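Quick note, in full-length UniProt numbering, the sequence shown goes up one by one and the last residue is 293.
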Amino acid sequence: NNRRMPAGNNVCGSSCCPYGCSFAAPCVLSIIAMATTWISTWSCYFFQSEESGLFGITGSFVVGPWSVEQFQVVAGIPIKNYDEGGECVLWEDHDYFDDGDIDAPIVWARVFTAISAYAGFCFWVTLLFGGCCTFKPVILKLTAGAFFVIGCFMMLSLVMLRSKWCQDAEECSLDGSGALAPICFFFWVAAGMTICCMKQRNGDVDDLRESSPGPPVTTTTADSPTTEVVEQTVVEEDGSVFKITTTTVTNPDGSKQVTETKELIQGPATAASAASVSAKSEEIPMAEGKLAS
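Written as structure tokens, this is what we have:
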């Protein structure tokens with residue numbers, strides 16, 4: 001008998017890698033996509049603003065959605081030659097900027113990158129469980145679709161280039177983490193496409209079919225034995241009455257089993273008594289006829 005599992009459960013641990021080599025491509029691509037997404041999100045090297053002139057700053061510095069290059073301003077020039085100078089710090093921890101210097105494009109870039117980083121991590125972990133689990137196709141399709149959306153969000157993070165810190169600068173150039181945004185898009189989409197191509201190995205497909213309960217098996221007439229019952233009544237010489245039941249079972253292979261049962265319905269004494277009563281009942285009308293005449 002095959003061991004059955006409740007419907008809808010994932011079959012984990014059925015083998016080391018149920019999807020075989022088809023799991024390698026989405027695994028590698030998603031790891032690269034996840035790493036580049038986190039770098040692009042939290043690094044301050046999204047774009048470099050040079051000679052912006054804003055707020056009396058005439059030097060250059062790099063800006064990211066969540067962090068900015070640390071510096072102090074002396075006579076309008078960013079000074080970075082101190083302990084934390086040149087490091088990436090959160091906007092609220094900056095020595096010169098504060099939250100009020102964050103404009104709408106940076107806010108939107110924060111939304112897109114945060115969703116990409118955290119949602120991407122959750123779906124990435126889900127995908128990695130594919131190394132030891134056999135998922136329903138709908139879960140793989142959902143993960144692939146999420147990868148496509150995450151890739152698009154990383155492209156939308158380029159809206160940060162519309163920030164005043166880039167638009168009002170004399171020169172603004174895309175820096176390292178900003179250049180990673182299109183790369184993230186490519187790897188997320190590629191990982192999603194390869195997920196759609198993941199195939200289970202034949203042995204694991206058979207295991208899954210055996211462990212998943214199927215529809216109830218209905219037996220047809222051709223698969224089950226047929227039964228024929230014949231009843232007949234036999235009167236013996238002594239007046240006994242018997243009911244003989246003959247049961248014939250025909251198996252699918254053609255073999256037959258015949259069973260005969262004999263049941264006494266009326267014994268000899270009962271039969272004689274019944275015959276006497278019948279005779280008396282016939283004589284009564286005749287006697288009445290003679291009296292009448």
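All C-beta atoms in this analysis are idealised placements derived from N, C-alpha and C, irrespective of residue type, glycine included.
Values in this document were obtained by computation on a predicted structure and should not be read as measured data.
Beta-bridge annotation (DSSP): F61 is paired with S49. In the DSSP assignment, S67 falls within the unbroken beta strand (DSSP E) covering 67–69.
Judged by DSSP secondary structure, K141 falls within the alpha helix (DSSP H) whose first and last residues are 137–156. Remark: C-beta atoms of T247 and V229 approach each other more closely than 7 Å. Take the alpha-carbon of A144 and the one of F121: they are about 13 Å apart.
The beta-bridge partner set that DSSP reports for L90 consists of S67. Look at the beta carbons and you see the region 176–188 touching the region 34–52: at least three pairs across the two are nearer than 8 Å. I102 sits in coil when the DSSP states are folded into three classes, being neither helix nor strand. By alpha-carbon distance to A179, the top candidate from L140, E171, L161, G267 is L161. Counting along the chain, V28 sits inside no beta strand (DSSP E); it lies in the alpha helix (DSSP H) bounded by residues 24–42. Sequence-distant partners of T250 (beyond 5 residues in either direction) whose C-beta falls short of 7 Å from its own C-beta, in its chain, are P225, T226, K256.
For L161, no beta strand (DSSP E) encloses it, and the DSSP letter there is neither H nor E. Boundaries of the beta strand (DSSP E) around S173: 171–174. DSSP lists T250 as the beta-bridge partner residues of K256.
Rounded to whole angstroms, the separation of the alpha carbons of T41 and Y118 is 10 Å. The beta carbon of K164 is closer than 6 Å to those of D103 in its chain, skipping five residues each way along the sequence. In chain order, F112 place their CB closer than 7 Å to the CB of L156, counting only its own chain and leaving out the 5 sequence neighbours on each side. F121 sits in a helix when the DSSP states are folded into three classes.
Taking 7 Å as the cut-off, the beta carbon of K199 is found closer than this to the beta carbon of S22. DSSP places F242 in the strand class (E or B) of the three-state scheme.
Distances from the CA of F123 to each of K141, V107, K262, S177 were compared; the closest alpha carbon is that of K141. Counting only the Cα atoms, C27 lies some 10 Å from G192.
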